[in-house]
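Chains as they are written, first to last, in our numbering: chain A, 33 to 406; chain B, 33 to 406; chain C, 33 to 406; chain D, 33 to 406. What follows is a short report on a single structure.
There are 4 protein chains.
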Amino acid sequence: MAGSTYGTLFTVTTWGESHGSALGAVVDGCPSGLSLCENDIQKYLDRRRPGQGKFTTARREKDTAEILSGVFEGRTTGTPISIIIRNNDQISRDYDTLKNCFRPGHADFTFDQKYGFRDYRGGGRSSGRETIGRVAAGAVACRLLESVGIRITAYTKSIGPISVPDGEYDFTQISENPLYMPSRSFSEEASAYLESCIKNQDSSGGIIECQIEGIPAGIGEPVFHKLDAALAQAVMSIGAVKGVEIGDGFRSALAKGSDNNDAFTFDGSRIRKRTNHSGGTLGGLSDGSTLIFRAAVKPTPSIARPQHTVTSDGKEIELSIHGRHDPVIVPRAVVVVEAMAALALADLLMINMSSRLENFTAFYYPKDSKERRP
Amino acid sequence: MAGSTYGTLFTVTTWGESHGSALGAVVDGCPSGLSLCENDIQKYLDRRRPGQGKFTTARREKDTAEILSGVFEGRTTGTPISIIIRNNDQISRDYDTLKNCFRPGHADFTFDQKYGFRDYRGGGRSSGRETIGRVAAGAVACRLLESVGIRITAYTKSIGPISVPDGEYDFTQISENPLYMPSRSFSEEASAYLESCIKNQDSSGGIIECQIEGIPAGIGEPVFHKLDAALAQAVMSIGAVKGVEIGDGFRSALAKGSDNNDAFTFDGSRIRKRTNHSGGTLGGLSDGSTLIFRAAVKPTPSIARPQHTVTSDGKEIELSIHGRHDPVIVPRAVVVVEAMAALALADLLMINMSSRLENFTAFYYPKDSKERRP
Amino acid sequence: MAGSTYGTLFTVTTWGESHGSALGAVVDGCPSGLSLCENDIQKYLDRRRPGQGKFTTARREKDTAEILSGVFEGRTTGTPISIIIRNNDQISRDYDTLKNCFRPGHADFTFDQKYGFRDYRGGGRSSGRETIGRVAAGAVACRLLESVGIRITAYTKSIGPISVPDGEYDFTQISENPLYMPSRSFSEEASAYLESCIKNQDSSGGIIECQIEGIPAGIGEPVFHKLDAALAQAVMSIGAVKGVEIGDGFRSALAKGSDNNDAFTFDGSRIRKRTNHSGGTLGGLSDGSTLIFRAAVKPTPSIARPQHTVTSDGKEIELSIHGRHDPVIVPRAVVVVEAMAALALADLLMINMSSRLENFTAFYYPKDSKERRP
Amino acid sequence: MAGSTYGTLFTVTTWGESHGSALGAVVDGCPSGLSLCENDIQKYLDRRRPGQGKFTTARREKDTAEILSGVFEGRTTGTPISIIIRNNDQISRDYDTLKNCFRPGHADFTFDQKYGFRDYRGGGRSSGRETIGRVAAGAVACRLLESVGIRITAYTKSIGPISVPDGEYDFTQISENPLYMPSRSFSEEASAYLESCIKNQDSSGGIIECQIEGIPAGIGEPVFHKLDAALAQAVMSIGAVKGVEIGDGFRSALAKGSDNNDAFTFDGSRIRKRTNHSGGTLGGLSDGSTLIFRAAVKPTPSIARPQHTVTSDGKEIELSIHGRHDPVIVPRAVVVVEAMAALALADLLMINMSSRLENFTAFYYPKDSKERRP
């Protein structure tokens, strides 16, 4: 349980270090018969790839996905899907000076405390590159969700103090700016803010918002594996995320019940909620509304500005981190949030299939046949 | 996987409905030799018990814990600890009128969607009474944590707009007011606010904060089972919680790296952080600082004020919920947050024991003996 | 992970000691809508109850099942089903002399080694009474399996050297003799054999065979969670079981491929095997044939005949175990084998529902409706 | 849960098909600091490699292990160890004729039933090549076990009717003959027997026995995760295994209690058993004796002799399987049994570390330091 496996039925195991020879993921439990090719995965990897704009690192990784198993003649076979991404552009000597010192905001100190030593090159397993395996696996989960009409859209809600207000989203803009913001004007404002951060050898935090449409009601498991709880774990497990909220989230702490409750209504064909303060869950189960949640992302800890820290033998030093680092983590984490949400959801959808006896018996005694399976 | 089991090594399985004959928990994997009696559990249950003040329901449950297994001559034996709490004061007829209608903000609709029908009495399994099993199990986890010097303190940070500022905590006040606020004056202000809510047949949300001291560095598992992620799942799985943040949380989204990074220093005996914006974790592992997190709790959905909703056959109605309901969930959820944090932490501490080979070999070849185990 | 939980989707957690106040089980993940009452469980418990004939202990437990949760108006709700069985007839002073000595063939020594001490009364958690929770949970699993036409039949194949040959089974006899043998004459012979064991203050081993009909083909998961592997774990986890074999089992080690392979044929409506050397699985998945396996059960370790052993402080002694002990474990373990097979199978049937994309999509977009779920 | 992950703390996920581009394993949860190189793994892979003698297939795979992550400067880092083995010598056209027919004794039919179609090349995921990942991971587990003095020795007990009697083992012979038998004369006899099988276009079953020395007492978890149960699952999950027994196994079903019980004695330094009918476990926990178990392996199902079967569209045919197939599975499965036993045991040893409070507190408050961790 070094913690690199996620999920119960739809599972992913990721592996790999920043400066090892490769990173990858093994997806197990994906249903057979899903159309899948390397390009389906590559499209997601390209969204988190470095070197795409002025706010992402100059490290020039192609991050090319290769599928090694689990797909035959273009379709998944039901067996584990192993995906590998080779590391090409490691410059490990960059990190030699960091070998014995604990970078503020990084996991250097805690990994040493836990394991006694660490692969210090590029942060090793605690590097942002660890998310490559998540994104590759999330791409498979997204394909599965699409097959039942579920669409996940994540985007940059805010960078530092620059936040797109709820009513001013233009989703067509998300892929039109390097910050993945749903607004042209706010993305320009945020760009200017980031330029000033760079100028000051500093970095910025921000907020990622995610909307999921098409989730049928009833998904999630009561008590410990609520849909909200599963999403919270999935999203909080992304390195830089420091907070997760669903629906009105922390605003609901300020609200009154009469405002926060969503009234039910019957629209002639189905029962739905008039408002969506809950963000799409009630009692930990999806309620048929759009699922909406937000993740708070801390500023990139690697900054050029000198910082105080200590070496592993306790010597106090001033540290300036040079090299290739984004001034903000948010844009590249957008697709990671989508991936984690997809993984959590795919798993809960599969688990949900056996919730009712009538579904269980209908499965093993299909209606359209007099015979039982098989 | 109806989701009622939590944990990997230190596990809890809870069971029971609001108006069934009993509720309970089975704690499995607790180490042998822990001193434990029913009173250790009762103290925690008493903190979540209704009927203790003007802001908690008049339902008069004693909620008495009985230990049925796993303890022999005052100590845990290493086998499952079964704890049962009988329901005494159910008034099920209160709920007959609610049988076929979907209360706003409750799980009535989603449970029906998932399971086809539900035990509608008092919310059944989705009732707040479900947390009794969590608190009973959490009490055992707290005993275990105490044995290695870990202390968990949760309290009410805010109720509606009334919030105790960071610098004005008086921890001695927490147990002195029915709202578990660390401030006498703010608790009085919050009481007045809640009185106005009651007068308006309304309810209020709030924020619970939790501080944990004494966690050694290195606890948590990288990637999917980070300490932050485990806590986020554990706390978000509490019915009314809509957001979780650790350390500076959502404030870190507004910050710059130079502010948000915590500098390391060496105090002569050990390496520590000068500040604690991270809230006690780095890279998902505890960093030796105080762990601090907050949970946003939504307002009680059951309010006396008429609300619009529909019946299960789609008829639009106005619903006024009478009966015994707190105007705020927060104070009674404080101990539930402690319980969930304790369960998450106990599990990760046990998992951590095999992280290093030197600990593994020292365990099976103890230093103080020439012989190997046993 | 003290190991008292079994299963992935259909799970059971058992608890309780031989001389504690109660034993029980929590079944989680059972689909909603299954008709279930206490008598459904009681019928199974009665089959393992002591005091029913001359070859079972005189301890007179009623072993009455009480359902505390998860059932509403006669049907399961999808939430955990807590079942409790009170202990009534403990005579703990019987065991005071055994407190500090290690009975041969029992877990006294190993529990002390693992946990440092033990609840020595009646073997504590390692008593055969531990299986009560399994049988109660297994009864629920059997109800679920019946709903899709799966029937489990276990019986005593042999007691010591007295074995019913394969061709001479009369299943109507199983419930007609206290040994649960599918043959009147062999059960009489076995009874005589057991009488001689008792006369010699000794005990006997035996073999339980189990046949399961109605399993659709394709159940089980490749690699580590094969149907055979799941059954092997489930059955080998019963205290006295020392061997498990499926189909021809150890005989297939003597066979040639030309004998051991089962030819496929098409009978006009479906493909089936002409023979069943494999015992109903191929590649770890059910093959549509009757599943058949056997479990070797060791002799009751508690015998009146004096045995050599040591005390916990290393003193060599001669021990005669008096009290209430069966001369053979097999008959009472027959229903435990059924229970464990049912638990393993119910879980794998639920897991199997998401194996194919076409089933996944048909579930979320039901054919008979134009709408997607819900 | 397609079932390709095994273990709780020390886990392995395997992936890969017979004729895909590669196979591999991800080992997660291995303690940091274990000395590990590719050659440590290669030694185990070489023992299961084909093409090594007249009784193994002529397929000439090098099966070279490459470690892609989790090892830094010769030691494990505590992060997942990804091991990849490229397939080189696939001749897929061999299998084109088998595409639409169900080979007797193989998983063709059941995979089609479960998944709707299959990667038919070389048996796909159900091929014996699937065990490569297990052996690679098992090699890591063996390294870990060696570090605490545990040694696993598996060997061929019998091939068809040729069986090495218990008293006549010569362990130095195991690596001296291609059948891994602990006897020169019996291996010669078995070779002659296999030659006659080949001549008759047939194959043979056999028995693998495994002895494990150095396991401390108390390993295993009571109830469902007994050491015996874990081993039974692990070993029965190997494709061709049809039975597992521990200690006297099926012979104990014939025995009397007075024979089967192992007397305890005190040898001046520690308590031990005089005999070992139990095979090294009592109550599911290791008892300090040598652990000994056996696995029954069925004959190779692929035989050249014509067999009756059907095509996927129900046509009856006679099938002769040519190509590269061993006349016996046993010798190459010996190392797979070792690997699975090592994986099961490594996991249970890690889980066992938190069984006692005194160990838990000693870990977090080390004796040799006044300070608590860290």
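Yeah, the Cβ is synthetic: ideal placement off N, Cα and C, and Gly gets one too.
When the Cα atoms are used, what is the spatial distance from residue 39 of chain D to residue 376 of chain D?
-> To locate residue 39 of chain D, count along the fourth sequence from 1; it is residue 7. To locate residue 376 of chain D, count along the fourth sequence from 1; it is residue 344. Spanning the two alpha carbons is a distance of roughly 7 Å.
Can you list the beta strand (DSSP E) stretches of 3 or more residues lying completely in the stretch 284 to 367 of chain D, in chain order?
-> 296 to 298, 303 to 305, 323 to 329, 339 to 342, 348 to 351
Measure the C-alpha to C-alpha separation of residue 215 of chain D and residue 186 of chain D and round it to an integer number of angstroms.
-> The residue given as residue 215 of chain D occupies position 183 in the fourth sequence. The residue given as residue 186 of chain D occupies position 154 in the fourth sequence. Spanning the two alpha carbons is a distance of roughly 13 Å.
Taking C-beta to C-beta, are residue 115 of chain A and residue 98 of chain A nearer than 8 Å?
-> Within the first sequence, the letter at position 83 stands for residue 115 of chain A. Within the first sequence, the letter at position 66 stands for residue 98 of chain A. In this structure, residue 98 of chain A lies closer than 8 Å to residue 115 of chain A by Cβ.
So, does the CB of residue 118 of chain B fall closer than 8 Å to a CB anywhere in chain A?
-> Locating residue 118 of chain B in the second sequence gives position 86, counting from the first residue. With 8 Å as the cut-off, residue 118 of chain B does not count as an interface residue toward chain A.
Members of the stretch 169 to 202 of chain B near chain D, C-beta cut-off 8 Å | 176, 179, 180, 181
Between residue 301 of chain B and residue 315 of chain A, is the Cβ-Cβ spacing less than 8 Å?
-> For this step, residue 301 of chain B is matched to residue 269 along the second sequence. For this step, residue 315 of chain A is matched to residue 283 along the first sequence. Contact: no.
Is the beta carbon of residue 359 of chain D less than 8 Å from the beta carbon of residue 210 of chain D?
-> One-based indexing of the fourth sequence puts residue 359 of chain D at position 327. One-based indexing of the fourth sequence puts residue 210 of chain D at position 178. Contact: no.
Pick helix, strand or coil for residue 45 of chain C, following the three-state DSSP scheme.
-> Here residue 45 of chain C refers to the residue found at position 13 when the third sequence is read from its first residue. Note: residue 45 of chain C maps to strand in three-state DSSP.
DSSP on residue 183 of chain C, reduced to helix/strand/coil?
-> Along the third sequence, one-based indexing puts residue 183 of chain C at 151. Three-state result, residue 183 of chain C: strand.
Closer than 7 Å by beta-carbon distance: list the chain B residues that pair up with residue 378 of chain C, in chain order.
-> Indexing the third sequence from 1 puts residue 378 of chain C at position 346. In chain order: nothing, as chain B lies at least about 12 Å away.
Have a look at the DSSP bridge pairing and note the partners of residue 107 of chain B.
-> Start at 1 with the first residue of the second sequence, and residue 107 of chain B comes out as number 75. Answer is B:67, B:104.
Hey, quick one: how far does the beta strand (DSSP E) through residue 175 of chain B stretch, first residue to last?
-> Position 143 of the second sequence, counting from 1, holds the residue named residue 175 of chain B. Here residue 175 of chain B belongs to no beta strand (DSSP E); instead the alpha helix (DSSP H) covers 163 to 178.
Using alpha carbons as the reference points, say which of D:397, D:43, D:50 lies closest to residue 57 of chain D.
-> Residue mapping note: residue 57 of chain D aligns to position 25 of the fourth sequence, counting from 1. Comparing Cα positions, the closest option is D:43.
Mind checking residue 345 of chain B: buried by the 16 CB within 10 Å criterion, or exposed?
-> Mapped onto the second sequence, residue 345 of chain B falls at position 313. When all chains shown are included, residue 345 of chain B counts as exposed.
Return the CA-CA distance between residue 295 of chain B and residue 192 of chain A, expressed in angstroms with no decimal places.
-> As a position in the second sequence, residue 295 of chain B is number 263, starting the count at 1. As a position in the first sequence, residue 192 of chain A is number 160, starting the count at 1. Each residue's Cα considered, the two are about 21 Å apart.
Positions along the stretch 41 to 52 of chain C whose CB lies within less than 9 Å of some CB in chain B = 41, 42, 43, 45, 46, 47, 48, 49, 52
With DSSP run on the structure shown, which of helix, strand or coil describes residue 40 of chain D?
-> Looking up residue 40 of chain D in the fourth sequence gives position 8. Coil at residue 40 of chain D, not helix or strand.
Rounded C-beta distance between residue 63 of chain B and residue 108 of chain B? I'm assuming under 8 Å.
-> The residue you call residue 63 of chain B lines up with position 31 of the second sequence. The residue you call residue 108 of chain B lines up with position 76 of the second sequence. Rounded, the Cβ-Cβ distance is 7 Å, consistent with contact.
Please list the segments of the alpha helix (DSSP H) lying wholly inside the stretch 249 to 282 of chain A, counting only runs of 4 or more residues, in order along the chain.
-> 259 to 268
Once you ignore the five residues that flank residue 235 of chain D on each side, which residues in its own chain have a CB closer than 7 Å to its CB?
-> To locate residue 235 of chain D, count along the fourth sequence from 1; it is residue 203. Excluding positions up to five away in sequence, the list reads 229, 331, 332, 335, 359, 360.
Does the beta carbon of residue 319 of chain B sit closer than 8 Å to a beta carbon anywhere in chain A?
-> As a working mapping, residue 319 of chain B is identified with position 287 in the second sequence. It does: the Cβ of residue 319 of chain B has a partner Cβ on chain A nearer than 8 Å.
Would residue 368 of chain A pass as a contact of residue 142 of chain A if the rule is Cβ separation under 8 Å?
-> For the purposes of this step, residue 368 of chain A is taken as the residue at position 336 of the first sequence. For the purposes of this step, residue 142 of chain A is taken as the residue at position 110 of the first sequence. No.
Measuring alpha carbon to alpha carbon, tell me which of C:347, C:51, C:372 ends up nearest residue 133 of chain C.
-> Residue numbering aside, residue 133 of chain C sits at position 101 when the third sequence is read from its first letter. The candidate whose alpha carbon is nearest that of residue 133 of chain C is C:347.
In chain order, what residues of the same chain lie with their CB nearer than 6 Å to the CB of residue 322 of chain A, ignoring the 5 residues before and after it?
-> Here residue 322 of chain A is taken as the residue at index 290 of the first sequence, counted from 1. Correct list, in chain order: 243, 245, 312.
With 9 Å as the limit, tell me which residues of the stretch 204 to 234 of chain B have their beta carbon closer than that to any beta carbon of chain A; keep them in chain order.
-> 229, 232, 233, 234
Assign residue 229 of chain A to one of three DSSP states: helix, strand, or coil.
-> As a position in the first sequence, residue 229 of chain A is number 197, starting the count at 1. Note: residue 229 of chain A maps to helix in three-state DSSP.
Does the stretch 376 to 389 of chain D come close enough to the stretch 380 to 394 of chain B that 3 or more CB-CB pairs lie under 8 Å?
-> yes
Measure from the C-beta of residue 330 of chain C to each C-beta in chain D and report whether the shortest distance is under 8 Å.
-> Indexing the third sequence from 1 puts residue 330 of chain C at position 298. Chain D contact via Cβ: present.
Relative to the alpha-carbon of residue 349 of chain C, which residue among C:130, C:231, C:237, C:297 has its alpha-carbon at the smallest distance?
-> Here the question's residue 349 of chain C lines up with position 317 in the third sequence. Checking every option, the nearest Cα to that of residue 349 of chain C belongs to C:130.
With DSSP run on the structure shown, which of helix, strand or coil describes residue 93 of chain A?
-> Position 61 of the first sequence, counted from the start, is the residue given in the question as residue 93 of chain A. Residue 93 of chain A falls in the coil class under three-state DSSP.
Decide if residue 231 of chain A is buried, meaning its Cβ has at least 16 other Cβ atoms within 10 Å, or exposed.
-> The residue you call residue 231 of chain A lines up with position 199 of the first sequence. Exposed: under 16 other Cβ atoms inside 10 Å.
Helix, strand or coil at residue 373 of chain D according to DSSP, with G and I counted as helix | For this step, residue 373 of chain D is matched to residue 341 along the fourth sequence. The answer is helix: DSSP assigns residue 373 of chain D an H, G or I state.
Proximity of residue 328 of chain C and residue 366 of chain C at Cβ, strictly below 8 Å = Working through the third sequence from its first residue, we reach residue 328 of chain C at position 296. Working through the third sequence from its first residue, we reach residue 366 of chain C at position 334. No; because the gap between Cβ atoms is not below 8 Å, this pair is not in contact.
Determine the extent of the beta strand (DSSP E) in which residue 8 of chain D is found, giving its start and end residues.
-> Chain D is shown from 33 up to 406; residue 8 of chain D falls before or after that span and cannot be answered.
is_contact[residue 268 of chain D, chain C] using C-beta, thresh 8 Å | Here residue 268 of chain D is taken as the residue at index 236 of the fourth sequence, counted from 1. Yes, residue 268 of chain D lies at the interface with chain C (some Cβ there is under 8 Å from its Cβ).
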